[in-house]
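Enquirer: For the sequence shown, this note's numbering assigns the number 92 to the initial residue and increments by one for each residue that follows. Below you'll find the structure I mean.
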Amino acid sequence: MDVRKNIALALLLLVGCNPRSAPSPFVLPEQPLPDSGISQVVDANGATNPNRFDAGSVASDAGTTTVCLDLDGDGYGVGADCLGPDCDDDNPFKHPGIIENAPPCDDPLNPACAPDNRPYCDGQDNNCDDNVDEDCPCREGAIQSCYSGSLASLAHGRCSVGYMRCEQGTWSPCEGAIEPEVEVCNGHDDNCDGSIDEGLINACGGCGVVPDEVCNGRDDDCDGEIDEGLVNACGGCGEAPDEVCDGIDNDCDGQVDEELRNACGGCGPLPEESCGAGGHGNGVDDNCDGEVDEGCFHGGGLSCDGRENQPCYEGPAHTAGRGLCRGGLRDCINEAWGACEGQVLPADEEVCDNGIDDNCDGQIDEGCGPDDCVPEPERCDDAIDNNCDGRINEDCAPACIPEPELCGNGVDEDCDGDIDEGCLPMGCEAREEVCNQIDDDCDGLVDEGVANACGGCGDVPAELCGDGQDNDCDGVIDENCGCIQQPDWVSCDPDQPNQLAACRVCYAGDPDTVNVGVCRGGLQRCSERWEDRCRGQVLPSQEVCDGLDNDCDGEVDEGLLNRCGSCGAEPLEVCDGLDNDCDGEVDEEVLNACGQCGEAPAEVCDGQDNNCDGEVDEGVSNRCGQCGAEALEVCNGEDDDCDGEVDEGVRNACGGCGPTPEEVCNGVDDDCDGIIDEGAVNACGRCGEPCYDFEWTGVDAWNAGDREGTEVDPQQGVTLGQSQWSMPFIWIANSGENTVSKLNTDTGREVGRYRMPSGTSSPSRTAVDLDGNVWVGLRGGGSAVKIALAEADCIDRNNNGQIETSRDNNNNGRIDGGELLNTGADECLVLDVRPGGSCIRAVAIDAENRVWAGEWDSSIYYVIDGSDGRVVGSVAAGGNPYGAVIDGYTLWSSNRGNNTLARIDVRNIQRTGLWNVPGCGSLYGIAVDPRGRVWIGNFGCGDVLRFDPNGNSWRRTSTGGMPRGMGVTADGVVYTGIYSSNQVGRINSDTMGLVARYNVGESGVIGLALDDSNHVWAVNQGSSTATKMTLDGNVIGSYPVGRNPYTYSDMTGQALRTFTVRNGTWTRRFDSGRPPGDAVWHQAIWEANLPAGTSARLRFRSGDNPGATDAAAWTAWTSDNPASLAGVPMGRYLDVQVQLQSNGRDTRPFFRGVEVSWWRP
């Protein structure tokens, strides 16, 4: 059998046997698809034919297996397993319903043909005469170039060839050719004669009419003149500038500031009349209306308010201190200002030839000579007729006025130092892109966004069924054409031996392009219909300049190479000694006037002709005959700018160099305005000295103050007493939601809830400091966080003038919804200290308001400054700290990790003792009693431990449950929270007897505290509540908090104020009676009797009304005597608060009085 015929038969069977629809044969990519199995065929001479396939074998993991490629299921096809070659068996009973895919069996040697067939111009021998497509004008699907213009025109401009396609034996019309057109002025060679815009360029070298001349410093109409007939009186463009009040003749009319100066002889609005810092006036007619300090008096007819020795001046404000003019002094007499004694006012007229500025206008003997103008060299920077010729700035070059940049004229229109920036390359005029094989919009791309899906122009071809091609370029082959799957066909799975039985070769491009250039065919599967995909095909694409045949026409980068034989436009000629644009010339038209590359050098002042224009240093030497700009005049006693004057315009009002000195209260006219100490003396006419004071001493003054924790001894003064401290809040750590709740212990209402910082979790300890703020220890993140009690101490971090913090806005007694702010948003979280480690499990406050934070993992106590968060020390705890309490100067730490009790000296930050707990130990909450004994909740052992440091003895008492939190009243009654029975236990501190167990009525009693009104609080972890009880166990109420509260520390501050340090305060408010801003606080001198172990300190705040004073922030505590009040804002009211402290139980301090001095402006 003829090998060639067998190959043709195999291909016909592979793609379908209808000779009218069979595509030209082609090969698959060099890397076969996973489901291909098609290999190239070697002809009788041993050569590989790239346009033929052999479908006779399929590779699999088991080796090579022969199969039968049988497309119509009749047993005949290609392969060793077939019954024979395929042809139409004309048997409707064999596999009924399956369409025959082979021609009639007329030629046993070549079933693909029949003698009675006619040639179809399809690349096949349809009539078995061994000739292909005889009598056809062209071969179906062939493509050739076409062009009707002259061959010479193809070498220039935009002209290029097109293409035509063979369709049904006939060549199609020529598509895509660009032929010569009439030349138009557009930067293109339209007629392809090698010249661009010939005969169409105007005088400026551009297209269209010559531009009109406009005033811009350029020769717009290219007539050799610049701005002819368009400049204004000032030599610039546009209308002459409006006159403004600035001491310059802006409109070039020979007058300066005409009709623009105000009544005070200055520019701008008249100054407002100044009433001084205290609102009583400054003794000057600031607004030049002839009246002094009008509108500066307070109501009730009171005018000057008893002031004396106040500076004054009744002339126009701008004349004070000029020439002869000087200010004086005046007193307030009978509630009215007296005469301004000693002032000197301006004369009505200037006295000639006396060398004095009599009218205080800053000029001496003005108007006295016949001609006031003294000729000087003309300057170009002041708009003044310096040379007295009646013209201003003549011969000065006009300034560059920015305008839009124009392309191609070599001028810097926008005054930015760059010429023709942002312009398209020379010769390309951007237009809208249309489908014409031309880069219309000059962006380097052809027909982008306007070609059809097949990459051509116009409509896409219609889809032809059965040819295995994507005719309409929609990515789908033979869509809606269908196929029939034989019952015994299998899928194209590379692991199946019959993988080709359900596939056909496909290609969606022009058949003549397969295996040409980058184009390759693929496979298409059938499952009742041919699938849309042609797997693995590579189709023709628009030819781009990349060294590949992208459009698969046998040529690489055709029509795209430039004159230099490379991709893209020819390079622009640049000055480098090379022929960059391949036109046979080197550096043409790019050398500068000096015959060098780049722009001609700028002329610089160096005695050389730098720009090669025949002149040396032209336009670059300054008025001083030197290179560069004239030096600016500076105050140094020299004529720096060479204008004949020394230090003109740079001396201050006092005639010296530098800024005018500020006026200070010293009896001298420091700012040289003719008035002494204006705005600096106070109401008493003194400099920085207090005028007034008030004193609080004696039993009446002591009793008049507000007292917390203090009482009055009629003989000795205010001292520590038995009165209750007031801090009606409890702070509860909600470990389950990383928040802290703040409850009012008087009402039980939750008034705040605060999210802990990012990167932290599990808050478990809260300790209240001496100022009522709370410190929170967190087991996750190792943070000690400070929350401010008063909003005045919070930080306005977003600078919006208000504090963002959690509040019970709906007044329902609980923080819910948006009342709980997001993490990081609450501005009452003022410090986040992470001293070391990751788990803070013990927190206590000492008498100096320092924070002791016990870190579990490292067994270290870190000492933190409570005011700024600095870590000021550390000490080893001797075990893992879990609970902490401070008794005076001694910190006791229950170390749960190794069941030890540590004693630490807080003054020296040293551990002074460590005891092992005898017997069973499971240490939780800790407290001290009035006799200095330590009490510990021994949770896992079911009892409470008592340690007496006097004899180093231990005792324990059973609670009948599992105790955790501990609390002790001031008179020594011990309370503990019993977790397992949901009770509070009461213990006699001396007998160790369990006096009572009180039912709480909530779940999981864990923490315990006493408040400022001597009530017991139980924190209930299981029910997420806090319960308030009387000392004898009566439940007052239970109140909701956050999820899973967990606290064992001094959450109310009761232990701090009862056992750590006895303290109390005395507060008194003073009313100055002055209006806002009229009381300046100076200092406070105080007296106290302070035995060893006691202390006193003061702080202050002020406001213009009682409410503002209550909301104001306190100053820092100070023990200075006298205490400076320089940092206290001016305000009508002043609060003075004295805090007394004692670290001993039997020693008390005594505060005896304070004197505060102040003044008013």
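Beta carbons are placed, not taken as given, at the ideal position from N, Cα and C, and that holds for glycine. Keep in mind that this is a model prediction, so the values were computed, not measured.
#1: Suppose the cutoff is 6 Å on Cβ atoms and the five residues either side in sequence are ignored; what does the same chain contact list for Val963 look like?
#2: I need the DSSP call for Ala933, collapsed to helix, strand or coil.
#3: Tell me where the beta strand (DSSP E) around Asp804 begins and ends.
#4: Put Leu409 into one of helix, strand or coil per three-state DSSP.
#5: So is Gln528 buried or exposed if we call it buried at 16+ other beta carbons inside 10 Å?
#6: Taking the straight line between their C-alpha atoms, what separation do you get for Val966 and Asn794?
#7: Start and end of the beta strand (DSSP E) containing Asn794?
#8: Measure the C-alpha to C-alpha separation of Leu124 and Val605 and round it to an integer number of angstroms.
#9: Using the Cα positions of Gly627 and Arg611, report the straight-line distance between them to the nearest angstrom.
#10: What does the alpha-carbon distance come out to for the pair Lys1119 and Gly1133?
#11: If Arg352 sits next to Cys358, beta carbons under 8 Å apart, how far is it from one beta carbon to the other, in whole angstroms?
#12: Near Cys696, which residues of its chain fall below 7 Å by C-beta distance, leaving aside the five closest residues on each side in sequence?
#13: Determine whether the beta carbon atoms of Ser1233 and Thr1185 lie at a separation below 7 Å.
#14: For Ala1204, is the classification buried or exposed, using 16 other Cβ atoms within 10 angstroms of its Cβ as the cut-off for buried?
#15: Identify the residues that DSSP records as bridge partners of Leu1181: which are they?
#16: Quick one: using the 10 Å Cβ neighbour count with 16 as the cut-off for buried, is Ser950 buried or exposed?
#17: Specify, as a first and last residue, the run of the alpha helix (DSSP H) that Gly1198 falls within.
#18: Please classify Gly458 as buried or exposed, where buried requires at least 16 neighbouring CB atoms within 10 angstroms.
#19: The beta strand (DSSP E) with Ala438 in it runs from where to where?
#20: I'd like the list of long-range same chain contacts for Ser984, defined as Cβ closer than 6 Å, with 5 residues on each side in sequence excluded.
#21: According to the Cβ coordinates, are Arg1037 and Arg1055 closer than 7 Å?
#22: Compare the beta carbon distance of Gly260 and Pro228 with 7 Å and say whether it is the shorter of the two.
#23: Taking the CB atoms as reference points, tell me whether Ser1013 and Asp1034 lie closer together than 7 Å.
#24: Could you have a look at Gly909 and say whether DSSP puts it in helix, strand or coil?
#25: Count the other CB atoms within 10 Å of the CB of Val1065; is the residue buried (16 or more) or exposed (fewer)?
#26: Which residues mark the beginning and the end of the beta strand (DSSP E) in which Phe1038 is found?
#27: In three-state terms, what does DSSP make of Ser1044?
#28: Once the 5 residues before and after Pro302 are set aside, which same chain residues still bring their CB inside 7 Å of it?
#29: Take Asp644 and list the residues in its own chain whose beta-carbon comes closer than 6 Å to its own, dropping the five residues that flank it on each side.
#30: Return the CA-CA distance between Asn277 and Val502, expressed in angstroms with no decimal places.
#31: Which same chain residues, not among the five before or five after Thr1003, have their C-beta less than 6 Å away from its C-beta?
#32: What do you get for Glu441, buried or exposed, if any count of 16 or more other CB atoms within 10 angstroms of its CB means buried?
#33: So Gly640 packs on Val647, CB below 8 Å; how close in whole Å?
#34: Would you identify the three-state DSSP class for Thr1118, choosing helix, strand or coil?
#35: Helix, strand or coil for Glu946, going by three-state DSSP, please let me know.
#36: Put Asp648 into one of helix, strand or coil per three-state DSSP.
Expert: With the given structure in hand:
#1: Here the set comprises Val954 and Asp956.
#2: Three-state result, Ala933: strand.
#3: Run containing Asp804: Thr801 to Asp804, per the beta strand (DSSP E) assignment.
#4: Checking the displayed sequence, the identity of residue 409 turns out to be His instead of Leu. Reduced to three states, the DSSP call for His409 is helix.
#5: It is buried - the Cβ of Gln528 has at least 16 other Cβ atoms within 10 Å.
#6: The C-alpha of Asn794 is placed about 44 Å away from the C-alpha of Val966.
#7: Asn794 -> not in any beta strand (DSSP E); alpha helix (DSSP H) instead, spanning Gly789 to Ala795.
#8: At Leu124, the pLDDT of 29 sits below 50, so the modelled position is not reliable and the matter cannot be decided from this model.
#9: The alpha-carbon separation between Gly627 and Arg611 amounts to approximately 8 Å.
#10: Whole-angstrom Cα-Cα distance: 16 Å.
#11: With a contact defined as Cβ atoms closer than 8 Å, Arg352 and Cys358 qualify at about 7 Å.
#12: If the five residues before and after Cys696 are omitted, its C-beta is found closer than 7 Å to the C-beta atoms of Asp708, Val711, Ser712, Cys718 and Gly719, all from its own chain and listed in chain order.
#13: The Cβ atoms of Ser1233 and Thr1185 lie closer than 7 Å to each other.
#14: Flag for Ala1204 reads exposed.
#15: Beta-bridge pairing links Leu1181 to no other residue.
#16: Ser950 is buried by the Cβ-count criterion.
#17: Looking at the DSSP string, the run of the alpha helix (DSSP H) that includes Gly1198 is Pro1197 to Ala1202.
#18: Gly458 comes out exposed.
#19: Here Ala438 belongs to no beta strand (DSSP E), and DSSP marks it neither H nor E.
#20: Hits under 6 Å: Ala968, Pro972, Ala975 and Ala993.
#21: No, the pair does not count as a contact, with Cβ atoms beyond the cut-off.
#22: A contact, by the Cβ cut-off of 7 Å.
#23: Judged by their CB atoms, Ser1013 and Asp1034 are not nearer to each other than the 7 Å cut-off.
#24: Of the three classes helix, strand and coil, the one that applies to Gly909 here is helix, per DSSP.
#25: Flag for Val1065 reads buried.
#26: For Phe1038, the enclosing beta strand (DSSP E) starts and ends at Asp1034 to Asp1039.
#27: Strand, per DSSP.
#28: If we look at Pro302 and ignore the five residues flanking it on each side, its Cβ neighbours are Cys295, Asp311 and Asp312.
#29: No residues qualify anywhere along the chain.
#30: Within the model, the alpha-carbon separation for Asn277 versus Val502 is close to 21 Å.
#31: Arg994 and Asp996.
#32: Of the residues assessed, Glu441 falls on the buried side of the cut-off, its CB having 16 or more other CB atoms within 10 angstroms.
#33: Sequence inspection shows Asp at residue 640; the Gly mentioned does not correspond to that position. Sure, about 5 Å apart at Cβ, within 8 Å.
#34: Thr1118 sits in a strand when the DSSP states are folded into three classes.
#35: Note: Glu946 maps to strand in three-state DSSP.
#36: In the displayed model, Asp648 falls within coil according to three-state DSSP, outside both helix and strand.
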